[in-house]
Structures are given as C-alpha cells and as structure tokens.
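Chains as they are written, first to last, in the working numbering: chain H, 1 to 72; chain U, 1 to 71.
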Amino acid sequence: MATAALIDSAMRLELDGGLDADNKPVVKYKNFAHVKTSSTPDQLYAVANALSGLQVYPLVMITRNDSFAIHS
Amino acid sequence: MAKVLELQFLNQENKTVTIRLDAPIEPVDPAAVNAAMDTVIAQNIFTSSGGNYTSKKGARIVDREVSEIDL
Numbered sequence: 001m002a003t004a005a006l007i008d009s010a011m012r013l014e015l016d017g018g019l020d021a022d023n024k025p026v027v028k029y030k031n032f033a034h035v036k037t038s039s040t041p042d043q044l045y046a047v048a049n050a051l052s053g054l055q056v057y058p059l060v061m062i063t064r065n066d067s068f069a070i071h072s
Numbered sequence: 001m002a003k004v005l006e007l008q009f010l011n012q013e014n015k016t017v018t019i020r021l022d023a024p025i026e027p028v029d030p031a032a033v034n035a036a037m038d039t040v041i042a043q044n045i046f047t048s049s050g051g052n053y054t055s056k057k058g059a060r061i062v063d064r065e066v067s068e069i070d071l
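Rendered as structure tokens:
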C-alpha cells in the first residue's frame, strides 16, 4: 500500500485589502514558507495574529498548505 | 512610497532571517513589534537553512522610492 509522508508546510494569510476603484473587494495574500511540519493549529493561529496585527489590512483567513510525498 | 516592515531574527547559526510585512501600521508601536517578535520566537513554527529562530536582532521600516525613467 502506498503511504503519504508530510514533507513540507507553508502558511498563507488572506487579508482584506478594502475595495478597488470598481468597488470590488481586494484580497491580499502573505505567504510564509519554511513552516515546520510539526506546527499545531494553535501555533499558526498565534503567529498569524501577531504578525497581521502589525499591518493595516484585517486578517480574514489563515490557510496551511501541507505537501506530502507519496511512497510505495 | 511603498513601506515594508522588516522583522529581523537570528537563527541557530547566528545568521539573520527576515520576515517582511507590507503596509505596516504607522506610526510603528515598538511594544507591539516586540510582542509580535516574541510570539514568533515562542511559537517556533518557522525554520530556516540555519535552524530555528532563536533571538531578535532588530526591526526596521524600509521605504522604497521608485522613480520611472523616460526612455
């Protein structure tokens, strides 16, 4: 049976950038690579809120991207 | 012009690693920056080629001014 091994994680913050000239919402993204695969959701949440608190755009969503290697 | 907040940390190899944030809140609140950097170190979720983030090195606002050149 093939197995999946977690090899890499990244975090992406989705930020509310307000409205553009056509009144359409603007979404800003901030990506963080080199996130430890062992990180917990609580840890990501704490860091995301700490960092987003230093910039003007409100934090909308935190996403985590995990990459798995598939082995036979 | 475009301002960027740079948070500089030292990793286990004593090399500088930087987190850059666009659109920093101004004026910058040093206590808030300090607290956020402490959180980054305490939660220890980031790694680098030189290992964990171990200490704060500094923080700064970088202001980039772009002037177009007519060709």
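Glycine is no exception: its CB is placed at the ideal position from the N, C-alpha and C atoms.
For the beta strand (DSSP E) containing N31 (chain H), list its first residue and its last residue. 25 to 35
Range covered by the alpha helix (DSSP H) that runs through A31 (chain U): 30 to 43
Scan the region 35 to 67 of chain H for residues whose Cβ lies nearer than 7 angstroms to a Cβ of chain U and list them as they occur along the chain. V35, K36, S39, Q43, L44, A46, V47, A50, L51, G53, L54, Q55, V56, Y57
List the whole-angstrom C-beta distance separating L13 (chain H) from L59 (chain H), where the pair is believed to meet the contact cut-off of C-beta under 8 angstroms. 6 angstroms
Determine, using beta carbons only, whether L10 (chain U) comes closer than 8 angstroms to chain H. no
For a cutoff of 8 angstroms on Cβ pairs, would you count D63 (chain U) as touching chain H? no
With respect to the alpha helix (DSSP H) encompassing V47 (chain H), which residues constitute its N-terminal and C-terminal limits? 41 to 52
CB-CB under 7 angstroms to A5 (chain H), same chain, minus the five flanking residues each way: which ones, in chain order? F68, A69, H71
Outcome for I19 (chain U) when other beta-carbon atoms lying within 10 angstroms are tallied against a minimum of 16: buried
At the level of alpha carbons, what is the spacing between S49 (chain U) and S52 (chain H)? 24 angstroms
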